[in-house]
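Asks: Protein sequence lines correspond, in order, to chains A and B.
Just so it is clear: in the first sequence, position 469 is 469 by our numbering, and no numbers are missing.
One rule links them: number in our numbering = place in the second sequence (from 1) + 478.
Ideal Cβ positions, reconstructed from N, Cα and C, are used throughout, including at glycine.
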Amino acid sequence: MVFIGAMAGMFIGAIPGLSVSMATALLVSVTYSWSTEHALATIMGVYVVGVYSGAISAILINIPGAPSSVVTTLDGYPLAQKGEAYKALKYATFYSFIGSLFGFTALGVFAGPISNIALKFTPMDYFLLAIFGLTTVGSLTGKIFTKGLISAAIGLVVSMVGIDSVLGIPRLTFGIYGLQTGINIVPVLIGLFGLSEVLIIVSEGRLESEVLNIAKTKVPIREMFRYFFRSLYYCTIGTFVGVLPGVGGPIASFLAYGEAKRIKKDTPVPFGEGQIEGIVASESANNACIGGALIPMLTLAVPGDAVTAIILSVFYVHGLQPGPMFIKSNPHMFYAIFAGGLIGSVFLLLLGLFMGPNIGKVVTIPKRILMPVIIVLCIVAAFAYNNRLFDVTLMFLFGITGFIMRRRNYPAAPMILAIVLGGMMDSNFRRAVSLASSEERFFVALFGRPITIILTFLIIFVVVSNVPQLRRLMKNDH
Amino acid sequence: MEKYKMKYNNNILESIIFFISSLLLLAYSVFNHYNNKNIIWKTSPYLFPVMISIIVFFLSLSLFNIGIKEKMQEGDRKKLNIHFKDVAVTILSTVVYYNMMGFTGFVIATILFLSILFFYFGERRIWLIVVMSTGVSTGIYVLFSIFLKVMLT
Numbered sequence: 001m002v003f004i005g006a007m008a009g010m011f012i013g014a015i016p017g018l019s020v021s022m023a024t025a026l027l028v029s030v031t032y033s034w035s036t037e038h039a040l041a042t043i044m045g046v047y048v049v050g051v052y053s054g055a056i057s058a059i060l061i062n063i064p065g066a067p068s069s070v071v072t073t074l075d076g077y078p079l080a081q082k083g084e085a086y087k088a089l090k091y092a093t094f095y096s097f098i099g100s101l102f103g104f105t106a107l108g109v110f111a112g113p114i115s116n117i118a119l120k121f122t123p124m125d126y127f128l129l130a131i132f133g134l135t136t137v138g139s140l141t142g143k144i145f146t147k148g149l150i151s152a153a154i155g156l157v158v159s160m161v162g163i164d165s166v167l168g169i170p171r172l173t174f175g176i177y178g179l180q181t182g183i184n185i186v187p188v189l190i191g192l193f194g195l196s197e198v199l200i201i202v203s204e205g206r207l208e209s210e211v212l213n214i215a216k217t218k219v220p221i222r223e224m225f226r227y228f229f230r231s232l233y234y235c236t237i238g239t240f241v242g243v244l245p246g247v248g249g250p251i252a253s254f255l256a257y258g259e260a261k262r263i264k265k266d267t268p269v270p271f272g273e274g275q276i277e278g279i280v281a282s283e284s285a286n287n288a289c290i291g292g293a294l295i296p297m298l299t300l301a302v303p304g305d306a307v308t309a310i311i312l313s314v315f316y317v318h319g320l321q322p323g324p325m326f327i328k329s330n331p332h333m334f335y336a337i338f339a340g341g342l343i344g345s346v347f348l349l350l351l352g353l354f355m356g357p358n359i360g361k362v363v364t365i366p367k368r369i370l371m372p373v374i375i376v377l378c379i380v381a382a383f384a385y386n387n388r389l390f391d392v393t394l395m396f397l398f399g400i401t402g403f404i405m406r407r408r409n410y411p412a413a414p415m416i417l418a419i420v421l422g423g424m425m426d427s428n429f430r431r432a433v434s435l436a437s438s439e440e441r442f443f444v445a446l447f448g449r450p451i452t453i454i455l456t457f458l459i460i461f462v463v464v465s466n467v468p469q470l471r472r473l474m475k476n477d478h
Numbered sequence: 479m480e481k482y483k484m485k486y487n488n489n490i491l492e493s494i495i496f497f498i499s500s501l502l503l504l505a506y507s508v509f510n511h512y513n514n515k516n517i518i519w520k521t522s523p524y525l526f527p528v529m530i531s532i533i534v535f536f537l538s539l540s541l542f543n544i545g546i547k548e549k550m551q552e553g554d555r556k557k558l559n560i561h562f563k564d565v566a567v568t569i570l571s572t573v574v575y576y577n578m579m580g581f582t583g584f585v586i587a588t589i590l591f592l593s594i595l596f597f598y599f600g601e602r603r604i605w606l607i608v609v610m611s612t613g614v615s616t617g618i619y620v621l622f623s624i625f626l627k628v629m630l631t
């Protein structure tokens, strides 16, 4: 059953617009009549391999198959453009495998202690963590920090559209019925990365040139393991971020990428131009996040990300109750998930090494053939998510917005991250302010805790270190 | 590439747009907050939009500053060769395709859309156009409509 899920995840994750969340949601209804163990095993296969296979399209055609593969495009696609697509895919496969194994090992060993740390995070800490993620992303992508922050701010505004989750009041809907349920991330993702990429290629007249060939390049095993010990650090980041409910793969991969940039300052190949460590960081972290996201889901009944939220519904459909006593009262279910994840990781490695480059043969098709097909896929995929034509309209609008943003050097990645995190930020901020307002000393209640202080300093550090004058000063010091 | 001097700096124009947008967002949030009775600021759904509008306000000033510095240092700019006509044709044909689906059904609309765009983008092998447009349309229909139960027209 894991193999069936893995095969499905391989194709679904690789095709932009077909999300792992959508596949998992469909599987909930398909597997309703199956035994719980079989249902969970299939879903784990889809989940583990689907998160990885988003990297295939990210590397080959600069369109991430999933939000957590956005960072992989930064270095994966430039490498592919240099004729090293096969090498990039190999590294992505291997370190996704390492990340998955690490995440599931962490699940098995640290479920209890990690949950205790996560319980100490207050709403303000979640809010600041999201701000830290956005400021980091704004500084990592794009040439001008201000433009990165503006992109994030636009994303936050987009995330606020719809019915407010706390008071049920419509916000920024302007009477448009389709906006009442908010702007879903999937059509935005498809538009910003799918349709806008097509428009960029068309605008630059790159249709006549043949697309990159995937030349099979041998990567020695010693070379492959060169990044192993640093990948364990990135896996740790991914696992810890995965534990925090509602945060998920995208921020894990961004934080890991930021760390990679910080650790490896003087690289022969700069980050963003095909640096292998960028792919290693992103893929290790986003796959390690899977194991981490399962920890709060199983122990606290709080999903770590969208897919685990859907997996939670599988439990309820089958009459099970996740929570603090789950592992003790249903150990065989816990081991079914654990085993499904580990087996899924092995299939990730095998399918990725043998099938990944073959799926990537889509890149050898000339762009004048590929681009119209991608437009059709974008439209169908945007519609498929919710069976709403309005989502196709949104995808189209965001596609044009993405095209204009890219032409004007506004990075799209901060916007995507802001849309994903905006709802969580809003509700946590208001919760934090409400809680602090009942205390005598408002600012101490808001910022007085050690975790909060550390996060605040990290944000200030990121913002200050991106001030142009200070940046020049730091460069001169070196 | 042709070189020319820009009359207006794009960053300055964008900063003005964001400046105005931030004020509009602020006005919208404050107006709607006070329009809804019995809501206090600490639980107001408009608290976060107010914060964002203030942040965008300052960011627009920063962008304006960047634009001014660029304008002072500005030399000759390289004119980029952008195929606006191709972009317009792509956007327009996508809009027509999307609207046509309701009348002709997904498969026929997609075959026509793909055939036209393949030809427009430079593919001249008619047999390939026919095979690819028919094959892709049918393949996508089978995959999404039959296997994934998506209700395509």
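Starting from A/Leu149, find everything on chain B with Cβ-Cβ shorter than 8 angstroms and list it in chain order.
Replies: If you number the first sequence from 1, residue 149 of chain A lands on position 149. The contacting residues are Ile533 and Leu537.
Asks: By the criterion of Cβ-Cβ separation under 7 angstroms, what are the contact partners of A/Met424 in chain B?
Replies: Taking the first sequence and counting its residues from 1, one reaches residue 424 of chain A at position 424. Those do not exist, as A/Met424 stays about 11 angstroms from chain B at its closest Cβ, beyond 7 angstroms.
Asks: So, with DSSP's three-state summary, where would you put A/Ile176?
Replies: On the first sequence, residue 176 of chain A is found 176 positions in, with the first residue counted as 1. Of the three classes helix, strand and coil, the one that applies to A/Ile176 here is coil, per DSSP.
Asks: Are the region 43 to 57 of chain A and the region 251 to 266 of chain A in contact at 8 angstroms, needing three or more beta carbon pairs?
Replies: Cβ pair count under 8 angstroms is below three, so no.
Asks: With a 10 Å radius around its C-beta and 16 neighbouring C-beta atoms as the bar for buried, classify A/Val168 as buried or exposed.
Replies: In the first sequence, residue 168 of chain A corresponds to position 168, counting from 1. Reading the sequence as shown, one finds Gly at residue 168 of chain A and not Val. Exposed, by the Cβ-count rule.
Asks: Assuming A/Gly45 and A/Gly344 make a contact with CB atoms under 8 angstroms, what is their CB distance in whole Å?
Replies: Along the first sequence, one-based indexing puts residue 45 of chain A at 45. Along the first sequence, one-based indexing puts residue 344 of chain A at 344. Right, the Cβ-Cβ distance comes to about 5 angstroms (below 8 angstroms), so this counts as a contact.
Asks: Please state if the CB of A/Gly272 and the CB of A/Thr93 are separated by a distance shorter than 8 angstroms.
Replies: In the first sequence, the residue the question calls residue 93 of chain A occupies position 93. In the first sequence, the residue the question calls residue 272 of chain A occupies position 272. For A/Thr93 and A/Gly272, no; Cβs fall outside 8 angstroms.
Asks: May I have the straight-line CA-CA distance separating A/Gly65 from A/Ile56, to the nearest angstrom?
Replies: Position 65 of the first sequence, counted from the start, is the residue given in the question as residue 65 of chain A. Position 56 of the first sequence, counted from the start, is the residue given in the question as residue 56 of chain A. Cα to Cα, A/Gly65 sits roughly 7 angstroms from A/Ile56.
Asks: Going straight from the alpha carbon of B/Ile569 to that of B/Met529, what length do you get?
Replies: Start at 1 with the first residue of the second sequence, and residue 569 of chain B comes out as number 91. Start at 1 with the first residue of the second sequence, and residue 529 of chain B comes out as number 51. If you take the alpha carbons of B/Ile569 and B/Met529, they lie about 35 angstroms apart.
Asks: Taking only beta-carbon atoms, is B/Phe581 less than 8 angstroms away from chain A?
Replies: For the purposes of this step, residue 581 of chain B is taken as the residue at position 103 of the second sequence. With 8 angstroms as the cut-off, B/Phe581 does not count as an interface residue toward chain A.
Asks: Should B/Phe581 go down as buried or exposed, given a rule of 16 or more other Cβ atoms within 10 Å for buried?
Replies: Along the second sequence, one-based indexing puts residue 581 of chain B at 103. Under this definition B/Phe581 is an exposed residue.
Asks: A/Arg449 by DSSP, collapsed to three states: which one?
Replies: The residue labelled residue 449 of chain A in the question sits at position 449 within the first sequence. Coil.
Asks: Can you give the beta carbon distance from A/Pro486 to B/Phe596, rounded, assuming they're within the 8 angstroms contact cut?
Replies: Residue 486 of chain A is absent from the model: chain A starts at 1 and stops at 478.
Asks: Identify the continuous alpha helix (DSSP H) that holds A/Asp75 and give its terminal residues.
Replies: The sequence position of residue 75 of chain A within the first sequence is 75, counting from 1. Segment Val70 to Gln81, the alpha helix (DSSP H) holding A/Asp75.
Asks: With distances taken Cα to Cα, identify the nearest neighbour of B/Phe635 among A/Phe11, A/Ile337, A/Arg222 and A/Thr236.
Replies: No answer is possible for residue 635 of chain B: the residues shown for chain B start at 479 and end at 631.
Asks: Roughly how many whole angstroms lie between the Cα atoms of A/Ser196 and A/Gly399?
Replies: Numbered from its first residue, the first sequence carries residue 196 of chain A at position 196. Numbered from its first residue, the first sequence carries residue 399 of chain A at position 399. Distance between the alpha carbons of A/Ser196 and A/Gly399: 5 angstroms.
Asks: Does any residue of chain A bring its CB to less than 8 angstroms from the CB of B/Val565?
Replies: As a position in the second sequence, residue 565 of chain B is number 87, starting the count at 1. With 8 angstroms as the cut-off, B/Val565 counts as an interface residue toward chain A.
Asks: Mark A/Thr498 as exposed unless 16 or more other C-beta atoms lie within 10 angstroms of its C-beta, in which case mark it buried.
Replies: Only positions 1 to 478 of chain A appear in the structure, and residue 498 of chain A is not among them; the question remains open.
Asks: Looking at A/Leu128 and A/Ile459, is the spacing between their C-beta atoms short of 8 angstroms?
Replies: Locating residue 459 of chain A in the first sequence gives position 459, counting from the first residue. Locating residue 128 of chain A in the first sequence gives position 128, counting from the first residue. Closer than 8 angstroms, so yes.
Asks: Would you say B/Leu502 faces chain A, with C-beta separation under 8 angstroms as the test?
Replies: For the purposes of this step, residue 502 of chain B is taken as residue 24 along the second sequence, with counting starting at 1. For B/Leu502, the answer is no, since every Cβ of chain A falls outside 8 angstroms of its Cβ.
Asks: Residues of chain B with CB under 7 angstroms from A/Ser437, in chain order?
Replies: By one-based count along the first sequence, residue 437 of chain A stands at place 437. Near A/Ser437 (Cβ distances below 7 angstroms), the residues of chain B are Lys520.
Asks: Suppose the cutoff is 6 angstroms on Cβ atoms and the five residues either side in sequence are ignored; what does the same chain contact list for A/Ala288 look like?
Replies: By 1-based counting over the first sequence, the position of residue 288 of chain A is 288. Correct list, in chain order: Gly99, Phe102, Gly103, Cys235, Gly238 and Thr239.
Asks: Taking the alpha carbon of A/Lys367 as the point to measure from, which residue in A/Ala58, A/Thr73 and A/Leu199 has its own alpha carbon closest?
Replies: Position 367 of the first sequence holds residue 367 of chain A. With distances taken between Cα atoms, A/Lys367 lies closest to A/Leu199.
Asks: Beta-carbon of A/Met371 versus every beta-carbon of chain B: anything under 8 angstroms?
Replies: For the purposes of this step, residue 371 of chain A is identified with residue 371 of the first sequence, where counting begins at 1. Closer than 8 angstroms: yes.
Asks: Where B/His511 and B/Ser522 are concerned, what is the direct C-alpha to C-alpha distance, given to the nearest angstrom?
Replies: For the purposes of this step, residue 511 of chain B is taken as residue 33 along the second sequence, with counting starting at 1. For the purposes of this step, residue 522 of chain B is taken as residue 44 along the second sequence, with counting starting at 1. The alpha-carbon atoms of B/His511 and B/Ser522 are separated by roughly 7 angstroms.
Asks: Could you please give the first and the last residue of the uninterrupted alpha helix (DSSP H) stretch that includes A/Ala384?
Replies: On the first sequence, position 384 is the one that residue 384 of chain A refers to. Residues Lys367 to Asn386.
Asks: Could you tell me which residues DSSP pairs with A/Pro170 in its beta bridges?
Replies: Mapped onto the first sequence, residue 170 of chain A falls at position 170. In DSSP, A/Pro170 forms a bridge with A/Ile163.
Asks: Where in the region 249 to 297 of chain A do unbroken runs of the beta strand (DSSP E), each at least 3 residues long, occur, reported from the N-terminal end onward?
Replies: Complete beta strand (DSSP E) runs here, min 3: none at all.
Asks: What's the gap between the Cα of A/Tyr335 and the Cα of A/Phe326?
Replies: Here residue 335 of chain A is taken as the residue at index 335 of the first sequence, counted from 1. Here residue 326 of chain A is taken as the residue at index 326 of the first sequence, counted from 1. Approximately 11 angstroms, taken between the alpha carbons.
Asks: Would you verify that the beta carbon of A/Asp266 is, or is not, closer than 8 angstroms to some beta carbon of chain B?
Replies: Numbered from its first residue, the first sequence carries residue 266 of chain A at position 266. No, A/Asp266 lies away from the interface with chain B (no Cβ there is under 8 angstroms from its Cβ).
Asks: Relative to the C-alpha of B/Ser500, which candidate in B/Ser538, B/Leu491, B/Asn516 and B/Asn487 has its C-alpha closest?
Replies: Along the second sequence, read from residue 1 onward, the residue named residue 500 of chain B stands at position 22. The option with the nearest alpha carbon to B/Ser500 is B/Ser538.
Asks: If you draw a straight line from the C-alpha of B/Phe591 to the C-alpha of A/Thr452, how long is it?
Replies: The residue labelled residue 591 of chain B in the question sits at position 113 within the second sequence. The residue labelled residue 452 of chain A in the question sits at position 452 within the first sequence. Roughly 54 angstroms separates the two Cα atoms.
Asks: Whose C-beta lies closer than 7 angstroms to the C-beta of A/Leu455 among residues of the same chain, with five residues either side of it excluded?
Replies: Within the first sequence, the letter at position 455 stands for residue 455 of chain A. Here the set comprises Asp125, Leu128, Leu129 and Phe132.
Asks: Helix or strand or just coil, what does DSSP make of A/Val219?
Replies: If you number the first sequence from 1, residue 219 of chain A lands on position 219. Coil, per DSSP.
Asks: Report the residues of the region 158 to 183 of chain A with a CB closer than 7 angstroms to any CB of chain B, ordered along the chain.
Replies: Listed in sequence order: Met160, Asp164, Val166, Leu167, Ile169 and Arg171.
Asks: Using 8 angstroms as the threshold, is the C-beta distance between B/Asn489 and B/Ile544 below it?
Replies: Looking up residue 489 of chain B in the second sequence gives position 11. Looking up residue 544 of chain B in the second sequence gives position 66. Yes, these two residues count as a Cβ contact at 8 angstroms.
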